[in-house]
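Visitor: First, the structure itself, so that you have it in front of you.
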Amino acid sequence: MITPVLPTYNRAPIAFVKGEGSWLTAEDGSRYLDLGAGIAVNALGHAHPALVAALTAQAQKLWHVSNLYRIPEQEKLAEMLVDKTFADTVFFTNSGTEAAELAIKMARKYHYDRDMKDRIEIIAFEGAFHGRSTGAIAAAGSEKMVKGFGPLMPGFKQLKWGDHDAIRAAITTRTCAVIIEPVQGEGGIRVVPDQCLKGLRDLCDETGTLLIFDEVQCGVGRTGKLFAHEWAGVTPDIMMVAKGIGGGFPLGAVLATEDAASGMVAGTHGSTYGGNPLGCAVGSAVMQIVADDAFLDEVSRKAAQFRQGLEGLVASHPTVFEAVRGQGLILGLKCKASNLDVVKAAYAEHLLTVPAADNVLRLLPALNIPEADIAEALARLDRTAARIEAA
């Protein structure tokens, strides 16, 4: 018999009732150290006082009016994002999936308006994850996501990750955009090297192709820069953002240059809830904290501490772990044992982690995780590995 909640998730048998910082409290009162942060969503941990205050204050004034009217909270957050990034303009969504849909539309409309109506093909990469809408799964193209869902949206081409020659060969007069995650999350915490992002930017400029960065998981401070592409010193034409930007409140955005967004005029796109006062009030509070240079320096410092400890775990447990991957606080442990077994063993140590492709264990703690919690996380990962070894 089917459950009241559609059974599309393989849920762990744990339910949480309260969160504070990097800790979650379950129904039975037990406490878990959270290294998943809601899959990189809770950028400032659980129940951060500044976010609670922003949400509470806005909730007492105005929740929703729709985009039929000006929304001052939306304008404030858009100005903050434009001021801190390459972008000239921002469209707000409720999720990364919705951001992907607009990015696809924006790229195709750009060429259509320039009398290049055949330039509709978008190049993506194996291992990518851009959401679960029909457009987003067509972009990623993996069998796991597309099987059984009928004809896919046409106009996508998937290339092998890291094959530079294939990218140049794949760009034709039908190519409108390339979409790529600077750090793949679901795909196994794979970092695109700086020189590759620079080469991709040059190739797109050379061929008149738009460059879309998907920073839904790796953006908003997670790598120690506000956005991951900043390490390479390049900028996209269009960027997808979500997860951390809302700090736990459903919020996403598409950032774009004026040129890339030129085709998106009144009536070409919309969202009933996107950019509502509640979400944007929280997003502004997140940005005020995360966009600060001192905060980002702390992310990098703590990431170095965490990574050093993880390297030690790999050395201490060579039959369980193989290598450390990632950048900043989007980290992964490539496992020799089953990563799903490691996730389950970690539950016994009251530690929450997230699996990824390529047998990787994702570690996505709150960006403000205290040093003491990093040390505790490493101790619990050590005990988790010992459980696997003893099994």
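If you read the sequence shown in our numbering, its first letter stands for residue 43, the second for the next number, and so on.
Note that CB positions come from ideal geometry on N, CA and C, so glycine has one too.
1) In angstroms with no decimal places, state the Cα-to-Cα distance between His400 and Ala178.
2) According to the neighbour-count rule (16 or more other Cβ atoms, all chains shown, within 10 Å of its Cβ), is His172 buried or exposed?
3) Pick from Lys202, Ile213, Phe291 and Cys377: whose alpha carbon is nearest that of Val234?
4) Report yes if the C-beta distance between Val262 and Ala85 is below 7 Å; otherwise report no.
5) Just to confirm before moving on: does the CB-CB distance between Lys285 and Ala96 stay below 7 Å?
6) Go through the stretch 370-411 residue by residue and report every complete run of the beta strand (DSSP E) that reaches 3 residues or more, in order.
7) Measuring straight from C-alpha to C-alpha, what distance separates Gly354 and Pro360?
8) Based on the DSSP secondary-structure assignment, which residues constitute the bridge partners of Gln226?
9) Taking Cβ positions, are Ile165 and Lys118 nearer each other than 7 Å?
10) Decide if Ile280 is buried, meaning its Cβ has at least 16 other Cβ atoms within 10 Å, or exposed.
11) Could you pull out every residue in the same chain whose Cβ sits closer than 6 Å to the Cβ of Gly351, ignoring the five residues on either side in sequence?
12) Would a C-beta distance cut-off of 7 Å place Gly305 and Tyr152 closer than the cut-off?
13) Would you check if the stretch 256-271 and the stretch 362-372 touch, i.e. whether three or more CB-CB distances between them fall below 8 Å?
14) Go through its chain and collect everything with a Cβ distance to Arg429's Cβ below 6 Å, but skip five positions before and after it.
15) Quick one: Cα of Pro407 to Cα of Ile213, how far?
16) To which residues of the same chain is Ala68 closer than 8 Å at the C-beta, ignoring the five residues directly before and after it?
17) Looking at the structure shown, is Cys260 part of a helix, part of a strand, or coil, going by DSSP?
18) Determine contact between the stretch 99-116 and the stretch 316-332, defined as no fewer than three beta-carbon pairs at a distance below 8 Å.
19) On the criterion of 16 or more Cβ atoms from any shown chain inside 10 Å, does Trp65 qualify as buried, or is it exposed?
20) Classify Met329: buried if its beta carbon has 16 or more other beta carbons within 10 angstroms, exposed otherwise.
21) Can the beta-carbon of Glu62 be found less than 7 Å from the beta-carbon of Ala89?
22) Helix, strand or coil, according to DSSP, for Lys199 in the structure here?
23) Compute the beta-carbon to beta-carbon distance between Gly312 and Asn109, rounded to the nearest angstrom, for a pair I have assumed lies under 8 Å.
24) Comparing alpha-carbon positions, which option in Cys377, Leu403, Arg349 and Glu391 lies nearest Ile416?
25) Is Thr251 helix, strand or coil when you go by DSSP?
26) When we look at the beta-carbon of His206 and count the other beta-carbons within 10 Å, is it buried (16 or more) or exposed?
Guide: Looking at the coordinates:
1) Here residue 400 turns out to be Asp, not His, going by the sequence shown. Going by the C-alpha atoms only, they are around 21 Å apart.
2) Looking at its Cβ environment, which holds 16 or more other Cβ atoms inside 10 Å, His172 is buried.
3) Checked all of Lys202, Ile213, Phe291 and Cys377; the closest Cα to Val234 is Lys202.
4) The answer is yes: Cβ separation under 7 Å.
5) With a cutoff of 7 Å on beta-carbon distance, Lys285 and Ala96 are scored as not near each other.
6) Runs found: 372-377, 396-398 and 402-405.
7) Computed Cα separation, rounded: 10 Å.
8) Looking at the DSSP output, Gln226 sits in a beta bridge with Arg232.
9) No, these two residues do not count as a Cβ contact at 7 Å.
10) Ile280 sits buried, since 16 or more C-beta atoms from the chains shown fall within 10 Å of its C-beta.
11) Cβ neighbours of Gly351 beyond the five flanking positions: Leu420.
12) Less than 7 Å separates the beta-carbon of Gly305 from that of Tyr152.
13) Yes, they touch.
14) So the qualifying residues of the chain are Ala387.
15) One alpha carbon belongs to Pro407, the other to Ile213, and they sit about 37 Å apart.
16) Ile56, Ala57, Phe58, Val59 and Tyr74.
17) Per DSSP, reduced to three states, the secondary structure at Cys260 is coil, with no helix or strand assignment.
18) Touching, per the Cβ criterion.
19) Buried, by the Cβ-count rule.
20) Result: buried.
21) Yes, the pair counts as a contact, with Cβ atoms nearer than the cut-off.
22) The answer is strand: DSSP assigns Lys199 an E or B state.
23) Between Gly312 and Asn109 a beta carbon distance of about 6 Å is seen, short of the 8 Å cut, so the two are scored as contacting.
24) The shortest C-alpha separation from Ile416 is found at Arg349.
25) In the structure shown, Thr251 falls within a coil segment according to DSSP collapsed to helix, strand and coil.
26) His206 counts as exposed, since fewer than 16 other C-beta atoms from the protein chains shown sit within 10 angstroms of its C-beta.
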